[in-house]
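Enquirer: Residues in the sequence shown are numbered consecutively from 0, following numbering that gives the first Met the number 0.
C-beta: ideal position from N, C-alpha, C; glycine also.
Fair warning: this is a prediction, and the values are worked out from it, not measured in the lab.
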Amino acid sequence: MTDYIIVGAGPAGCVLANRLSEDPANSVLLLEAGGKDWHPYIHMPAGFAKMTRGIASWGWSTVPQKHMKDRVFWYTQAKVVGGGSSINAQIYTRGNARDYDAWEKEEGLAGWGYRDVLPYFKRAENNQRYANDFHGDQGPLGVSNPISPLPICEAYFRAGQEMGIPFNPDFNGASQEGVGYYQLTQKDARRSSASVAYLRPIRARQNLTVRTDALVTRIVVEKGRAIGVEVVDRPGGEKKILRAEREVIVSSGAIGSPKLLMQSGIGPADHLKAVGVTLVHDLPGVGSNMQDHLDLFVIAECTGDHTYDNYAKLHRTAWAGLQYLLLKKGPVASSLFETGGFWYADPTAASPDIQFHLGLGSGIEAGVEKLKNPGVTLNSAFLRPRSRGTVRLKSADPADHPLIDPNYWSDPYDRAMSIKGLRLAREIMRQKALAPYVLREVLPGPSLASDDELFDYACRSSKTDHHPVGTCRMGHDDMAVVTPDLRLRGLEGLRICDASVMPRVPSSNTNAPTIMVGEKGADLVLGREPLPPAVFSGNRAA
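(1) Among 318, 464 and 341, whose alpha-carbon lies nearest the alpha-carbon of residue 330?
(2) Assuming residue 271 and residue 260 make a contact with CB atoms under 8 Å, what is their CB distance in whole Å?
(3) Give the DSSP-derived three-state secondary structure of residue 438 in the structure shown.
(4) Within 8 Å, do at least three Cβ pairs link the segment 235-250 to the segment 32-44?
(5) Looking at C-alpha atoms only, which residue of 71, 172 and 334 is the closest neighbour of residue 191?
(6) Taking all protein chains shown into account, decide if residue 159 is buried (16 or more other Cβ within 10 angstroms of its Cβ) or exposed.
(7) Rounded to whole angstroms, what's the CA-CA distance from residue 264 to residue 172? Just pull it up for me.
(8) Buried or exposed for residue 202, going by 16 or more other Cβ atoms inside 10 Å?
(9) Hey, would you say residue 154 sits closer than 9 Å to residue 433, going by beta carbons?
(10) So, does the segment 493-505 touch the segment 455-470, judging by three or more C-beta pairs under 8 Å?
(11) Quick check: is the beta carbon of residue 253 nearer than 9 Å to any beta carbon in chain B?
(12) Please state the DSSP three-state secondary structure of residue 513.
(13) Apart from the five residues on each side of it in sequence, which residues of its chain come closer than 7 Å, Cβ to Cβ, to residue 168?
(14) Suppose you measure from the CA of residue 311 to the CA of residue 47; what does that come to, to the nearest Å?
(15) Residues in its own chain within less than 6 Å of residue 525 by CB, not counting five upstream and five downstream?
(16) Quick check on the DSSP output: the alpha helix (DSSP H) that includes residue 3 runs from which residue to which?
(17) May I have the straight-line CA-CA distance separating residue 499 from residue 304, to the nearest angstrom?
(18) With DSSP run on the structure shown, which of helix, strand or coil describes residue 365?
(19) Going along the chain, which residues of its own chain have a beta-carbon closer than 6 Å to the beta-carbon of residue 186, five neighbours each way excluded?
(20) For residue 450, report the span of its alpha helix (DSSP H) as first-last.
(21) I need the DSSP call for residue 494, collapsed to helix, strand or coil.
(22) Could you please give the first and the last residue of the uninterrupted alpha helix (DSSP H) stretch that includes residue 318?
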């Protein structure tokens, strides 16, 4: 018997394991279906490029996207300690202040406004550059500036300014809009995942047990209360019931958490009946409200060796490895997407609705074309999609992959804004400041000009930004899955704490917001007073 069972060692799960076990009186069991984060690619910043090809992931794909000509998207979801924070591009962005204020004011989630959540971002953060109203430098999570930027990055900043987009030294500070370097979840030229930051320093705690390769197949409910979980240590292995004295906390992510709930008979009654799962608790919102960022990109051929593409050659790979080992610099120390920015597709938007990621090469991610000569990539993503998708079960068998349907572009507004974002990316790449570095646009290609042609291109070439949220959202209405204190509606002893509880996707990458949810969630579980709301001069309006 243990006090708390946490299902899923992703970003929020690692935070919870650390914070709940700070008190020696609390016994904590953290269960992870994947393995340990032993693979060397995980810890080298540039290893991200390999992770999108399936290392340490479930190997899932979406259902055909009916608004994108039935395109099926490869959908990388982590299966490893640290979750997405162990395989992502390490970009540390939090979103816009208005995102969280909308959670509070428009969704009715008291305590989740920007001034309420900022202290939890700061509590997590060990920032190597900033210690001010917006940043902390005493937390576990290493956050630093890029180590090995290239001259083309500076040219990109000048190109943005030629278009009227200002340079921004800190996207998480007083303003979000502009172009600049992203801060990264790195420390000493190594990835600072939630596993490295939150679990590694506390391995000696006697009241914390971490079990990997432990697949939880269902939550065990008795008399309206979650009393434990059913777990299998290996495929075809014996099922065991592990009991929790206080709470079961599900932190399996925006795909894994609704999947586990539905496997346990917790979810939409009609769907569970259709797939042969015995109903335990009818909760229609489980697996609904899925949101994600869709990525459209421009790839250009460079005038010379201005990016990291040529490091794929054997002798240069060897040199890059030596440079990293001896100096902690060079291509291996780069996340490859450490430059970007935020701007507007909709000029009436109150805050930036497009995010850019400048990729220092071509073919960096799985399924994206690699050029024969050195290339550069500029990704664009519409940040506030109106489309809503679902996660559903394929069958009652926990081993079956889920039916993931982001339902991209079901709302025409998302399609229109995404194409505008792609046009902005093309325009940036055509600016005078980048002319010494960019020879020609290869994709979409200068012959594609109309919205219909760019739509066809997007259907062929776009990809997920790996930012799913919302499938177990917080709220007060009948479709809400958890209350603002993350308790599952209608059952005792069960909470959800991960990106799935976010009612709306933040206008950014989602790793930092998920860690924030873990930090705040830990205080909610322990019944602590929330951290005092942030106080700073002025208003963060953008």
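Expert: The short version:
(1) On the sequence shown, position 331 is the one that residue 330 refers to. Comparing Cα-Cα distances from residue 330 to each of 318, 464 and 341, the minimum goes to 318.
(2) Position 272 of the sequence shown, counted from the start, is the residue given in the question as residue 271. Position 261 of the sequence shown, counted from the start, is the residue given in the question as residue 260. Actually they do not touch by this definition, with Cβ atoms about 10 Å apart.
(3) Here residue 438 corresponds to residue number 439 of the sequence shown, with the count starting at 1. The answer is strand: DSSP assigns residue 438 an E or B state.
(4) no
(5) The residue you call residue 191 lines up with position 192 of the sequence shown. Per the Cα distances, 334.
(6) Residue numbering aside, residue 159 sits at position 160 when the sequence shown is read from its first letter. Classification for residue 159: buried.
(7) Here the question's residue 264 lines up with position 265 in the sequence shown. Here the question's residue 172 lines up with position 173 in the sequence shown. So the two alpha carbons sit approximately 43 Å from each other.
(8) Residue 202 sits at position 203 when you count from the first residue of the sequence shown. With fewer than 16 Cβ atoms within 10 Å of its Cβ, residue 202 is classed as exposed.
(9) The residue labelled residue 154 in the question sits at position 155 within the sequence shown. The residue labelled residue 433 in the question sits at position 434 within the sequence shown. Yes, the Cβ-Cβ distance between residue 154 and residue 433 is below 9 Å.
(10) yes
(11) This model lacks chain B altogether, as it is built from one protein chain only.
(12) For the purposes of this step, residue 513 is taken as the residue at position 514 of the sequence shown. Correct three-state label for residue 513: helix.
(13) Stepping through the sequence shown from its first residue, residue 168 is reached at position 169. Only 179 meet the Cβ criterion.
(14) Reading the sequence shown from its first residue, position 312 is the one you call residue 311. Reading the sequence shown from its first residue, position 48 is the one you call residue 47. Straight-line Cα distance between these residues: approximately 15 Å.
(15) Here residue 525 corresponds to residue number 526 of the sequence shown, with the count starting at 1. Contacts found: none.
(16) What you label residue 3 is simply residue 4 of the sequence shown in a count that begins at 1. Careful: residue 3 lies outside any alpha helix (DSSP H), inside the beta strand (DSSP E) at 1-6.
(17) For the purposes of this step, residue 499 is identified with residue 500 of the sequence shown, where counting begins at 1. For the purposes of this step, residue 304 is identified with residue 305 of the sequence shown, where counting begins at 1. Cα-Cα distance, rounded: 42 Å.
(18) On the sequence shown, residue 365 is found 366 positions in, with the first residue counted as 1. Residue 365: coil per DSSP, three-state reduction.
(19) Against the sequence shown, residue 186 aligns to sequence position 187. Apart from the 5 residues on each side of it in sequence, residue 186 sits with its Cβ closer than 6 Å to the Cβ of 141 in its chain, given in chain order.
(20) Here residue 450 is taken as the residue at index 451 of the sequence shown, counted from 1. Segment 450-460, the alpha helix (DSSP H) holding residue 450.
(21) As a first step, residue 494 is located in the sequence shown; it is residue number 495 there, counting from the start. If DSSP states are grouped into helix, strand and coil, residue 494 belongs with the strands.
(22) Working through the sequence shown from its first residue, we reach residue 318 at position 319. That run of the alpha helix (DSSP H) goes 313-326.
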